[in-house]
Amino acid sequence: MSEEIKVIEKRQLDNPLQEFQDILKEAIHVLDYPEQVFDFLKAPMRFLEVCIPIQMDNGETRMFQGYRAQHNDAAGPTKGGIRFHPDVTPEEVKALAGWMSLKCGITDLPYGGAKGGIVCDPRQMSSSELERLSRGYVRAVSQIVGPTKDIPAPDMYTNSQIMAWMLDEYDHIREFDSPGFITGKPLRLGGSKGREKATSKGVLYTLQMICDLKGIPIEGMRVIIQGFGNVGSHLALYLHEMGAKVVGIADELGGLYDPNGLDIPYLLENRDSFGVVSNLYKDSLSNQELLEKECDVLIPAAISGVVNKDNAKRLKCEILIEAANGPTTKEAIKILDDKGIVLVPDILANSGGVIVSYFEWCQNNQGYYWTEELVDERLKEKITASFLNVYHTSQKYSVNMKVAAYIEGIRKIAEASQLRGWIRF
Ligand SMILES: NC(=O)C1=CN([C@@H]2O[C@H](COP(=O)(O)OP(=O)(O)OC[C@H]3O[C@@H](n4cnc5c(N)ncnc54)[C@H](O)[C@@H]3O)[C@@H](O)[C@H]2O)C=CC1
Ligand SMILES: O=C(O)CCC(=O)C(=O)O
2 MSEEIKVIEK RQLDNPLQEF QDILKEAIHV LDYPEQVFDF LKAPMRFLEV
52 CIPIQMDNGE TRMFQGYRAQ HNDAAGPTKG GIRFHPDVTP EEVKALAGWM
102 SLKCGITDLP YGGAKGGIVC DPRQMSSSEL ERLSRGYVRA VSQIVGPTKD
152 IPAPDMYTNS QIMAWMLDEY DHIREFDSPG FITGKPLRLG GSKGREKATS
202 KGVLYTLQMI CDLKGIPIEG MRVIIQGFGN VGSHLALYLH EMGAKVVGIA
252 DELGGLYDPN GLDIPYLLEN RDSFGVVSNL YKDSLSNQEL LEKECDVLIP
302 AAISGVVNKD NAKRLKCEIL IEAANGPTTK EAIKILDDKG IVLVPDILAN
352 SGGVIVSYFE WCQNNQGYYW TEELVDERLK EKITASFLNV YHTSQKYSVN
402 MKVAAYIEGI RKIAEASQLR GWIRF
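Here it is as structure tokens:
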């Protein structure tokens, strides 16, 4: 692989907060809200930066940088995942928290947005080091989180085991059992049926909606998915089972491509715990090469900024579904608009995760647990209604679905903030 390709593969959004703010400004302008609304929503209301000292297995103590951003709590407690990744930055966490506020607005959840992150490489850490880091993070942020304040959940490179350690640490600090402190927990500790697959199910429902509108059948459809972790792998299996041809899969090391469709059950069985499969075959492609292959639907489900001004013009798909947070830059969105590629935005497409996290929190508060069928039925109902709202807003204002999704999200947060007397418009 050439050096040039390696550099592109590592690429994330240079400034995700700026991306968030630019589209926020555009949507606020369409809504004809005053500048004050932008000034209020452009950054989180609260941002905590912590240093977490952790003893490593070799006896050394290492300091880890951690963050929690709470964007806006007008509509209810804040909510959002925690990411463990070496490239986490304050700007990224702030942008992700803003996107969570919009996501909760679009889906009409009684929450504002938050996000957390720790700069670390979980692939290089032992399970006991990860446990100490997860517990250390909760101790460091415990003053500002809680079941009625700010409710964390999983995100990239975090999972239900990490949520379990975090819950246990929180329960020790508070001296009572509080399952509603965190979602994405194991079922045994009050998790919800269907949460693990919720994000991919939600992506699938939005894909079905847009395909229905465009008259494209799922059966036989050629799909490329970047990312084979929680979101990408479950989605690949759903699509495979529905008769779509998953012709491409990428992970952090590269991509696999087969125009006749990849063997998804085999890849699922053989992926490692960090969602890597491209090393199973010798003739893998680079991520960039795979994104530019011909397909009907392209689904980035890994990191941000992978579809950008450098490659957008070379994409050969009809539909792009943003399963990851922030995979397409605003310059790329303009190029895709010109090419007639329909983009279903992240804050709508991947909202299935937070929707079922909300269901998990409701079940914890009630102490009464739902069947998987009920969870799925309510997820489908909520995300379908949200999709239709965003779609109609895009038609009403003649804007793309990205701006329409921002409009829907902003409206809810701004109204809640106005009712509390925080802003006037
Ligand atoms: N897990 C959830 O419930 C939700 C996740 N998301 C978003 O979906 C995306 C994926 O999340 P998960 O599947 O949970 O993460 P994960 O940690 O389970 O899997 C990540 C996948 O991305 C791949 N990857 C990492 N770096 C890459 C790179 N540079 N190029 C290509 N692939 C790369 C990994 O190899 C792995 O296959 C993230 O953007 C996350 O914020 C959004 C909503 C909810
Ligand atoms: O499940 C949740 O509460 C949040 C999931 C998340 O972090 C996201 O939607 O980006």
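The opening position of the sequence shown corresponds to residue 2 in my numbering, with each subsequent residue numbered one higher. We put the CB at the ideal spot given by N, CA and C, even for glycine.
{"Asked": "Nearest neighbour of residue 96, chosen from 112, 105 and 45 [CA to CA]", "Found": "45"}
{"Asked": "Whole-number beta carbon distance between residue 151 and residue 66, since they are thought to touch under 8 angstroms", "Found": "With 8 angstroms as the limit, residue 66 and residue 151 do not qualify as a contact, their Cβ atoms being about 19 angstroms apart."}
{"Asked": "Alpha carbon of residue 246 to alpha carbon of residue 381, nearest angstrom", "Found": "23 angstroms"}
{"Asked": "Three CB pairs or more closer than 8 angstroms across the stretch 229 to 243 and the stretch 295 to 305", "Found": "yes"}
{"Asked": "Short Cβ contact (9 angstroms threshold) for residue 412 with residue 106", "Found": "yes"}
{"Asked": "Residue burial classification, residue 131 (beta-carbon count within 10 angstroms, cutoff 16)", "Found": "buried"}
{"Asked": "Three or more C-beta pairs below 8 angstroms linking the stretch 180 to 190 and the stretch 360 to 372", "Found": "yes"}
{"Asked": "Which of helix, strand or coil DSSP assigns to residue 208", "Found": "helix"}
{"Asked": "Rounded separation between residue 385 and residue 64 - CA only", "Found": "44 angstroms"}
{"Asked": "Check your reading: residues with Cβ closer than 6 angstroms to ligand 1 heavy atoms", "Found": "10, 155, 156, 157, 158, 200, 227, 228, 229, 230, 231, 232, 233, 251, 252, 253, 275, 276, 277, 288, 302, 303, 304, 324, 325, 326, 351 and 354"}
{"Asked": "Residue 255 versus residue 225 - alpha carbon distance", "Found": "13 angstroms"}
{"Asked": "For residue 21 and residue 335, the rounded distance between their alpha carbons", "Found": "15 angstroms"}
{"Asked": "Contained beta strand (DSSP E) runs [length at least 3] in the stretch 147 to 233, N- to C-terminal order", "Found": "151 to 155 and 223 to 227"}
{"Asked": "Where residue 141 sits in the DSSP three-state scheme", "Found": "helix"}
{"Asked": "Which of helix, strand or coil DSSP assigns to residue 128", "Found": "helix"}
{"Asked": "Near ligand 2: residue 161 beta-carbon under 8 angstroms from a heavy atom", "Found": "no"}
{"Asked": "Unbroken beta strand (DSSP E) run spanning residue 284, endpoints", "Found": "Segment: none, residue 284 is in no beta strand (DSSP E) and carries neither H nor E."}
{"Asked": "Simplified DSSP assignment, three categories, for residue 57", "Found": "coil"}
{"Asked": "Which listed residue (304, 161, 337 and 250) has its alpha carbon closest to that of residue 286", "Found": "250"}
{"Asked": "Spatial distance of residue 33 from residue 27 (CA atoms)", "Found": "10 angstroms"}
{"Asked": "One or two residues paired with residue 301 in a DSSP bridge", "Found": "227"}
{"Asked": "Stretch pair the stretch 364 to 380 + the stretch 397 to 415: three plus CB contacts closer than 8 angstroms", "Found": "no"}
{"Asked": "For residue 261 and residue 122, the rounded distance between their alpha carbons", "Found": "35 angstroms"}
{"Asked": "Contacts around residue 115, its chain only, beta-carbon distance under 7 angstroms, and the 5 residues preceding and following it disregarded", "Found": "69, 70, 71, 72, 79, 80, 81, 98, 101 and 151"}
{"Asked": "Beta-carbon separation (whole angstroms), residue 199 vs residue 357, contact threshold 8 angstroms", "Found": "3 angstroms"}
{"Asked": "Anticipated Cβ contact below 8 angstroms, residue 395 with residue 405, distance rounded", "Found": "4 angstroms"}
{"Asked": "4-residue-minimum alpha helix (DSSP H) runs that sit fully inside the stretch 356 to 419, ordered along the chain", "Found": "373 to 398"}
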